[in-house]
Structure formats: C-alpha cells, structure tokens
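Notes for the one structure printed next.
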Amino acid sequence: INTIFLEKFSFMYSKFDGDATFADCRFMKIASITGSSFGGKVNLSQSYFKGPAFLIGAKFGGIVDFSLAHLSSDAYLSGSQFNGPVGFIGTQFFDYAEFFSSQFAADAFFDETYFGGDTNFIESSFGQAAQFNKTILNGEVSFEGAHFAGSTRFLGAIFNDTAYFASAQFEK
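In my numbering, the protein residues as written are 157 to 328.
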C-alpha cells in the first residue's frame, strides 16, 4: 500500500504539470480531482476507492492508468478529457459509473473491466480504438449518442441488463 487517506481527499481544480502517481493508494471517503488538469502520466493502478470518486471535468494530457483499481461506490468522470491512451484494464466499478460526455482522444481500454451498477457513456466520444473485451456490465448501460471514430470491440463482453446504443455513431 502506497498511502492511505482516511478522510476526504480533494485536489479539486489543481494543476499537475508533470506525472502524478497515486498507484496502490487507499481513499477511504470521498475522493475528488474534479476540474483538475494533468500534463503528464497519471497512475492510479491498483488504487482502492471506498467512497465516491469525483473526476468530473478532469483533463488528462498523457497516459492514464486505472488498471486493477477498485471503486466500491459511485464514480463520476463526466466531461473528462483523456488526451492520451487510457487503461481501465481489470478495473472494478461496483456501483454507478458515469462517463457522460467524456472525450477519449486516444485508445481507451476497458478490457476485463467489471461494472456492477448502471453505466453511462451517453454522448461520449472515442477518437481511436475503444476496447471492452471480456468486460462484464451488470446494470443498464447506455452509449446513446456516443461517437466511435476508431475500431470498437466488445469481444467476449457480457451485458446482463439492457444496453442502449440509440443514435450512436460507429465510423469503423
């Protein structure tokens, strides 16, 4: 374990010019980086979020690694901008996950990710590859109005509830 935050963790509207590493951290209550910007690589791999996670409108300039992260409560990433590759490989979202109107400019990997609650990708855009291979989606999932410019893969994915793709656009 890297660091344990027993109370609220907030870097709201902060600016990180270089790399930011929060790998293997424990966030025991609310964690918020809403409105923050990151110029370099962001590493949140194997981190544990017990309370809600707020990354609303966050801007990521480099590689983002959420691999094997564990989010026990709601996760809000609405309006976030991922300008480099992003990996949620093996990440576990146990409650609601919101990516409403998020922008993924480079490759976005959600392979082997577990979504336990409802999941919202409404009006999100994927500029390059979007991979959801072997992903499990237990709640309702919506990609309504989403835009997929690159290759899109859901190989071996399991949708256990209703999946909405109304008005989604697939270019490849």
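Note that CB positions come from ideal geometry on N, CA and C, so glycine has one too.
Q: Closer than 6 Å by C-beta to Q259: which residues in its own chain qualify, once you throw out the five before and the five after it? Chain order, please.
A: Here residue 259 refers to the residue found at position 103 when the sequence shown is read from its first residue. Short of 6 Å from the beta carbon of Q259, and not among the five residues preceding or following it, lie these beta carbons of its own chain, in chain order: Q237, S281.
Q.
Between the alpha carbons of I165 and F244, how many angstroms are there, rounded?
A. As a first step, residue 165 must be located in the sequence shown, where it is residue number 9. As a first step, residue 244 must be located in the sequence shown, where it is residue number 88. Checking the displayed sequence, the identity of residue 165 turns out to be Phe instead of Ile. One C-alpha to the other measures close to 21 Å.
Q | Cβ-Cβ separation, F222 to K206 (assumed contact under 8 Å), whole Å | A | To locate residue 206, count along the sequence shown from 1; it is residue 50. To locate residue 222, count along the sequence shown from 1; it is residue 66. About 16 Å separates the Cβ atoms of K206 and F222, ruling out a contact at the 8 Å cut-off.
Q: Would you tell me roughly how many angstroms separate the C-alpha atoms of L293 and D251, rounded to the nearest one?
A: Here residue 293 is taken as the residue at index 137 of the sequence shown, counted from 1. Here residue 251 is taken as the residue at index 95 of the sequence shown, counted from 1. Straight through space, the alpha carbons of D251 and L293 are spaced by roughly 11 Å.
(Q) Helix, strand or coil, according to DSSP, for Q284 in the structure here? (A) Looking up residue 284 in the sequence shown gives position 128. Of the three classes helix, strand and coil, the one that applies to Q284 here is coil, per DSSP.
Q.
Relative to the C-alpha of L224, which candidate in E279, S192, F310, T247 has its C-alpha closest?
A. Residue 224 sits at position 68 when you count from the first residue of the sequence shown. The shortest CA-to-CA distance from L224 to any of E279, S192, F310, T247 is the one to T247.
Q | Residues of its chain near A322, where Cβ-Cβ distance is below 7 Å and the 5 sequence neighbours each way are ignored | A | Locating residue 322 in the sequence shown gives position 166, where the first residue counts as 1. The answer, listed in chain order, is E300.
(Q) Which residue wins for smallest C-alpha separation from A187, given the options M168, S234, D175, G195? (A) Walking along the sequence shown from the start, residue 187 turns up at place 31. Nearest neighbour of A187 by Cα position, chosen from M168, S234, D175, G195, turns out to be M168.
(Q) Considering only their Cβ atoms, is the gap separating A231 from E268 smaller than 8 Å? (A) Along the sequence shown, read from residue 1 onward, the residue named residue 268 stands at position 112. Along the sequence shown, read from residue 1 onward, the residue named residue 231 stands at position 75. For E268 and A231, no; Cβs fall outside 8 Å.
Q. If you drop the 5 nearest sequence neighbours on each side, which residues of the same chain put their C-beta closer than 6 Å to that of S140?
A. Look at the range of the chain in this structure, 157 to 328, and you will see that residue 140 is not part of it.
(Q) Please report the distance separating the alpha-carbon of S234 from that of K215. (A) On the sequence shown, residue 234 is found 78 positions in, with the first residue counted as 1. On the sequence shown, residue 215 is found 59 positions in, with the first residue counted as 1. The C-alpha of S234 lies about 11 Å from the C-alpha of K215.
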